[in-house]
Amino acid sequence: MAEQMTLGQLRLGKVDGKHEYLTPQSERDQLVFDAFLIPDSVDPQRLNNGACHYVEGFRGTGKTSLLRWHAEQQRVAGSETRFVLFKSDLTESQRLAISTEVGIDWADIDSGKMEVSQDFKAAWTWFILHKIGEILDADSSIAIGDTDAFLRLLGIIDNKVFTKSVGFMPRLEGAKVKIKGHVGFFSMELGGDFRAEGDESGKASLDSLAQAAGRRAAKLNMSKPIYLYFDELEVFYSDQAQYKRDQRMVRDLIFAISSINDIFRSNKVPIHVLGAVRSEVVDGMGSLGQEVDRLVHDRGFLLAWHHSKRSIEHPLMKMIGRKIVAAEKELGVTP
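Going by my numbering, the sequence shown wraps up at 1108, each residue one higher than the last.
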């Protein structure tokens, strides 16, 4: 056993913490997780019971690292974990398609006034439930009992029920979604929100479909928990209209995450949806109303390092200390 290690053997990690966690599971370095320092402001258990849904902080404060560390703990414990990267997994063309699907053509909006209020909540609710449906469809052992109605409402069992626009969301015709086939089923699930057009098709609003899918999701019986993580909730500035649209999209995703977690928590369904969002994005939403900042603060953790007093006990010093100890253990050096 070595008695000491050199500085050259000390691995402090990559400049961007998220790159530590984006390697395939088979290639993951356990040292990364062993050296992780849980911020003082975070109680990880509150991320497991539906009490907290968000991790907030400025760029570089460790939001992605915290979510990746948390996901690894849940995966090891037997949970199903998935990530959705707002910036990477949703391209500009996909975000634009979502915008179009909620009934606004951005080419017709005065970007200087933005007087038209756009609501993406139904689209995001559908998106989240569809992601959960994809997980259950890929592995039938995750849910106990019949998931047929839930998956059928989402168009997963029969992908010809809806004409999809972004791979996950039905295309709107006017303000309605056209449903092909299964008229009896959708009539029963949607009630008065479904309007039949003959024996082979009908129409309903995206909001009514999302609500019906939510009611079915509340009845799911799981064999193990699911953790769905949304990361990199950012806005992009190429022009004023796009910036305002992205602000509304992130705002309504935050609201959708909270409402879906409320459904699962009140019905004791072990499905958790968590999101990481930049503080500057939340702060910039003040003009949009609806007090999204209060929701994030009440149901989230704020990651900040600059409040700590400069000393050997500073959290960043502790973080380096943990990396040294983890590296020593890896090399067989007595910590």
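Every residue, glycine too, gets a C-beta built ideally from N, C-alpha and C.
What you are looking at is a predicted structure, and each value in this text was computed from that prediction instead of being measured.
Run through DSSP, which three-state label would LEU924 get? Numbered from 1 along the sequence shown, position 151 holds the residue referred to as residue 924. LEU924: helix per DSSP, three-state reduction.
Is the region 981–999 in contact with the region 1019–1027, if contact means three or more CB pairs nearer than 8 Å? no
Between the beta-carbon of LEU909 and the beta-carbon of ASP1004, is there less than 9 Å? To locate residue 909, count along the sequence shown from 1; it is residue 136. To locate residue 1004, count along the sequence shown from 1; it is residue 231. Taking 9 Å as the Cβ cut-off, LEU909 and ASP1004 do not qualify as a contacting pair.
What are the start and end residues of the alpha helix (DSSP H) that includes GLY1073? Along the sequence shown, read from residue 1 onward, the residue named residue 1073 stands at position 300. Unbroken run through GLY1073 is the beta strand (DSSP E), 1073–1076; no alpha helix (DSSP H).
Short Cβ contact (9 Å threshold) for LEU1076 with VAL815: Position 303 of the sequence shown holds residue 1076. Position 42 of the sequence shown holds residue 815. A contact, by the Cβ cut-off of 9 Å.
Taking a contact to mean a Cβ-Cβ separation below 9 Å, would you say ARG1072 touches HIS843 in this structure? Indexing the sequence shown from 1 puts residue 1072 at position 299. Indexing the sequence shown from 1 puts residue 843 at position 70. No. Outside cutoff.
Going by DSSP, what residue range makes up the alpha helix (DSSP H) through ARG855? In the sequence shown, residue 855 corresponds to position 82, counting from 1. No alpha helix (DSSP H) contains ARG855, which is instead part of the beta strand (DSSP E) from 853–858.
Between SER1032, GLY965, GLY971 and ILE1085, which lies nearest to ALA991 when the distance is taken from Cα to Cα? In the sequence shown, counting from the first residue as 1, residue 991 sits at position 218. Measuring from the Cα of ALA991, the nearest candidate turns out to be SER1032.
Grab the span of the beta strand (DSSP E) containing ILE1044 for me, first residue to last. Stepping through the sequence shown from its first residue, residue 1044 is reached at position 271. It spans 1044–1051 - the beta strand (DSSP E) in which ILE1044 sits, taken as one unbroken run.
Could you give the DSSP three-state label for LYS1096: helix, strand or coil? For the purposes of this step, residue 1096 is identified with residue 323 of the sequence shown, where counting begins at 1. Three-state result, LYS1096: helix.
Please confirm whether ARG989 and LEU926 have their CB atoms less than 9 Å apart. Position 216 of the sequence shown, counted from the start, is the residue given in the question as residue 989. Position 153 of the sequence shown, counted from the start, is the residue given in the question as residue 926. Yes.
Integer Cβ distance of ILE901 from ALA1049, believed to fall under 8 Å: Against the sequence shown, residue 901 aligns to sequence position 128. Against the sequence shown, residue 1049 aligns to sequence position 276. That belief does not hold up - the Cβ atoms of ILE901 and ALA1049 are roughly 15 Å apart, past 8 Å.
So for LYS836, helix, strand or coil by DSSP? Counted from its first residue, the sequence shown places residue 836 at position 63. In the structure shown, LYS836 sits in a helix (DSSP, three-state: H, G or I).
Where the beta strand (DSSP E) containing SER974 begins and where it ends: As a first step, residue 974 must be located in the sequence shown, where it is residue number 201. First-last of the beta strand (DSSP E) with SER974: 974–977.
Would you report the Cα separation of ASP1056 and VAL1065, rounded to the nearest angstrom? Locating residue 1056 in the sequence shown gives position 283, counting from the first residue. Locating residue 1065 in the sequence shown gives position 292, counting from the first residue. Computed Cα separation, rounded: 9 Å.
Distance check for LYS1041 and LYS886, CA to CA, integer angstroms please. Locating residue 886 in the sequence shown gives position 113, where the first residue counts as 1. Locating residue 1041 in the sequence shown gives position 268, where the first residue counts as 1. Note that LYS886 has pLDDT 31, beneath the 50 cutoff, so the model's placement of it is unreliable and no number is given.
For the alpha helix (DSSP H) that contains ILE952, what are its first and last residues? Locating residue 952 in the sequence shown gives position 179, where the first residue counts as 1. Here ILE952 belongs to no alpha helix (DSSP H); instead the beta strand (DSSP E) covers 949–953.
So is SER981 buried or exposed if we call it buried at 16+ other beta carbons inside 10 Å? If you number the sequence shown from 1, residue 981 lands on position 208. Buried, by the Cβ-count rule.
Exposed or buried, ARG1018, counting other C-beta atoms within 10 Å across all chains shown (16 or more means buried)? Working through the sequence shown from its first residue, we reach residue 1018 at position 245. Answer is buried; the Cβ neighbour count reaches 16.
Status (buried if at least 16 other CB within 10 Å, exposed otherwise) for ALA977: Translated into positions along the sequence shown, residue 977 becomes position 204. With 16 or more other Cβ atoms within 10 Å, it is buried.
Backbone CA spacing between ILE1027 and LYS953 [nearest angstrom]: Taking the sequence shown and counting its residues from 1, one reaches residue 1027 at position 254. Taking the sequence shown and counting its residues from 1, one reaches residue 953 at position 180. One C-alpha to the other measures close to 32 Å.
Quick one: grab the DSSP three-state call for VAL828. The sequence position of residue 828 within the sequence shown is 55, counting from 1. Three-state DSSP puts VAL828 in a strand.
From ALA983 to PHE923, what does the alpha carbon distance come to, in whole angstroms? By 1-based counting over the sequence shown, the position of residue 983 is 210. By 1-based counting over the sequence shown, the position of residue 923 is 150. Spanning the two alpha carbons is a distance of roughly 11 Å.
Using the DSSP secondary-structure output, state which residues sit across from MET1111 in a beta bridge. Any property of residue 1111 remains undetermined from this structure, which presents the chain solely from 774 to 1108.
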